[in-house]
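So the sequence shown is numbered by this note's numbering: it starts at 2 and just counts up by one.
We put the beta carbon where it would ideally sit given N, CA and C, even for glycine.
Take a look at the structure set out below.
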Amino acid sequence: MVSGLDFTDGCIRARSTYAREPNVQPSRAIPLLIGALLLGRLGVSGAQEPAPPPVAPPSGESGQVVPAEPAPAAQRREAAPPGSSIGAALGFIDVLPLRGRDRIQPELEAARYAIREAQADERQATELRGQTKAMIEVRKREISTIDARKKLAEKNKQEAEQVAFEAEKKVVETQKTFLERREALHRAELDAAKAGKKLAESTVRALELEMELSNRRSVRSRAPGNASVTLRQDNVIREMERRVLEAQRSQADAAKDLAGKDQDIARRRMELFRAQLAASGR
2 MVSGLDFTDG CIRARSTYAR EPNVQPSRAI PLLIGALLLG RLGVSGAQEP APPPVAPPSG
62 ESGQVVPAEP APAAQRREAA PPGSSIGAAL GFIDVLPLRG RDRIQPELEA ARYAIREAQA
122 DERQATELRG QTKAMIEVRK REISTIDARK KLAEKNKQEA EQVAFEAEKK VVETQKTFLE
182 RREALHRAEL DAAKAGKKLA ESTVRALELE MELSNRRSVR SRAPGNASVT LRQDNVIREM
242 ERRVLEAQRS QADAAKDLAG KDQDIARRRM ELFRAQLAAS GR
């Protein structure tokens, strides 16, 4: 009879350093009950095969009985190491690395703080964008006024004033272009703040699920060797692992989206830099 401890000792476990983007790892070990049943089935089949009778020696030889060769099933049973299993033979490992509360909790607190920071960035970007849009509207009205005065100068054949109004309009349009670049930057910063908030929220959810998984694994390790209880706990752990993996995939997608927003911000800043140089006359 193969005990649950023998099966558990036969499983191969792997632990890896936690990364922000989850690594793809092989599937976890086959449940305890299935492995025990498979091993028990081998033991029963070997026990049901009777050993062949002793071979009688030929006449004239010693009367000592020569033991028969062991049955093939018995040979296989004796060769199998204690605690061997299908999972161990295939090299199964835990899907997720085992981490305790002392490692998860600091990351969870940092992710919750990141949510508050992203919310503050979102408010600031919204305010700056609103201010910049108001300044753009002012420049648009100034350009309309200059156009009206220029038309009046053309009507009155005032060529010198026409040239002056054209130069003034060019300056205001340069300022307007600068403000439009600035508004685009604030819009990109707002999008990045929203993406950062989404990433932080995804991280919090993944870490909370991982914390619950860690608690379930701890309970499982202290559980008595009851087959039905063990099977139920293993099913809960597998479901929790699936939820954690899905949450980590969403977290990775959110991180990828945020990276794209950061690239857009870098491009907008370069455009704003060039527009500022033009507005300053350099």
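On the criterion of 16 or more Cβ atoms from any shown chain inside 10 Å, does residue i qualify as buried, or is it exposed?
i, result
"Arg317", "The requested residue 317 is not part of the displayed model; the chain covers only 2 to 283."
"Gln234", "buried"
"Val245", "buried"
"Lys262", "buried"
"Ala267", "exposed"
"Asp148", "exposed"
"Gln277", "exposed"
"Leu91", "exposed"
"Val96", "buried"
"Arg269", "buried"
"Ala119", "buried"
Between the options, which has its C-alpha nearest residue i's C-alpha?
i, options, result
"Leu200", "Lys152, Gln249 and Gln125", "Gln249"
"Arg102", "Leu91, Gln163 and Ser215", "Ser215"
"Phe274", "Gln176, Ala168 and Phe166", "Gln176"
"Ala260", "Ala193, Glu138 and Glu110", "Ala193"
"Ala256", "Leu278, Leu153, Ile266 and Glu202", "Glu202"
"Asn236", "Arg217, Glu247 and Gln252", "Arg217"
"Thr133", "Arg104, Glu272 and Thr178", "Thr178"
"Ser281", "Glu118, Glu138, Lys171 and Val164", "Lys171"
"Arg117", "Leu210, Ile238 and Val205", "Val205"
"Met212", "Met241, Leu191, Arg223 and Arg221", "Met241"
"Val220", "Gly131, Phe166 and Ile238", "Ile238"
Whole-angstrom Cβ separation of residue i and residue j, contact assumed at under 8 Å?
i, j, result
"Arg140", "Val173", "6 Å"
"Ala161", "Asp265", "So it is not a contact: roughly 45 Å between Cβ atoms."
"Arg142", "Leu191", "25 Å between Cβ atoms; not a contact."
"Ile105", "Leu210", "Incorrect: roughly 10 Å between the Cβ atoms, too far for contact."
Go ahead and pull the three-state DSSP assignment for residue i.
i, result
"Val96", "coil"
"Lys158", "coil"
"Arg117", "helix"
"Asn216", "helix"
"Ala224", "coil"
"Gly282", "coil"
"Gly101", "coil"
"Asp265", "helix"
TODO: Specify whether the segment 115-123 and the segment 182-199 touch according to this definition: at least 3 beta carbon pairs, one from each stretch, less than 8 Å apart.
DONE: yes
- [ ] Taking 8 Å as the threshold, find out whether the segment 98-117 comes into contact with the segment 151-161 through three or more Cβ pairs.
- [x] no
- [ ] Could you tell me whether the segment 218-231 touches the segment 182-192, using the rule of 3 or more Cβ pairs below 8 Å?
- [x] no
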